[in-house]
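So that you can map any letter, position 45 of the sequence shown is 44 in numbering that gives the first Met the number 0, and since no number is skipped, the others follow by simple counting.
Using N, Cα and C, we set each Cβ at its ideal position, and we do this for glycine too.
Fair warning: this is a prediction, and the values are worked out from it, not measured in the lab.
Comments concern the structure below.
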Amino acid sequence: MKDIIARLSYLMEAVPARLALCSEEELSIRSAPNKWSKKEILGHLCDSAVNNLTRFIKAQIEKPISFVHKYEQEQWVLLQKHQEARVEEMLQLWLSLNKAVIRTILNIPEDKYSSICKLYNGDTVTLKWLIIDYVEHMEHHLKQMGLEV
0 MKDIIARLSY LMEAVPARLA LCSEEELSIR SAPNKWSKKE ILGHLCDSAV
50 NNLTRFIKAQ IEKPISFVHK YEQEQWVLLQ KHQEARVEEM LQLWLSLNKA
100 VIRTILNIPE DKYSSICKLY NGDTVTLKWL IIDYVEHMEH HLKQMGLEV
């Protein structure tokens, strides 16, 4: 998990520097009516952190954990009005949440990485897989934002 921690730590340094080069207006532009703005993508990454931090903790407690709820990402973005929030506010939230994610990952006992997690779609994965997928998902969306860091 050292490589995952290193990737997350790097992103937490690189993303704020890259976002500082963009205006609030630029980050608020939607390429199409049904597409998220860069600001909304950042909000989505906060939502992802909230959901996954909970999963990382529950996967260590419950055996096996079953994520029966579906993460309604479109509704999360819409209902929280990410488009109306200030970028700086969301960036600080993203940084704080990912500090908690890193702290949690650093304290997971080695034997817990193989904990079984059943996803809402029926797929079965390990806690380790969830953690790796979280970072890959984040990197995918950062590329969408043009923040290939």
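- Taken atom to atom, the span from the alpha-carbon of residue 79 to that of residue 146 is near 23 Å.
- Shortest Cα-Cα distance from residue 35 to any of 75, 123 and 90 involves 75.
- Per DSSP, reduced to three states, the secondary structure at residue 76 is helical.
- Taking a contact as a CB-CB distance under 8 Å, the pair residue 104 and residue 55 counts as one, their CB atoms being some 7 Å apart.
- Going by DSSP, residue 57 is part of no beta strand (DSSP E) but of the alpha helix (DSSP H) stretching over 37 to 60.
- Taking a 10 Å sphere around the C-beta of residue 90, we find 16 or more other C-beta atoms and assign the residue as buried.
- Looking only at 111, 130 and 9, the smallest Cα-Cα distance to residue 61 is reached by 111.
- Around residue 92, the same chain offers 45 as residues with beta carbons nearer than 6 Å, after the five sequence neighbours per side are excluded.
- With respect to residue 137, residue 40 sits apart: the two C-beta atoms are not nearer than 7 Å.
- Secondary structure note for residue 117: its beta strand (DSSP E) is the uninterrupted segment 115 to 117.
- Non-local beta-carbon contacts of residue 113 in its own chain, meaning distances under 6 Å to residues more than five positions away in sequence, involve 125 in chain order.
- Beta-carbon to beta-carbon, residue 19 and residue 52 are separated by about 25 Å, too far to satisfy the 8 Å threshold.
- Under the three-state reduction of DSSP, residue 14 is assigned to helix.
- Spanning the alpha carbons of residue 109 and residue 148 requires a straight line of approximately 29 Å.
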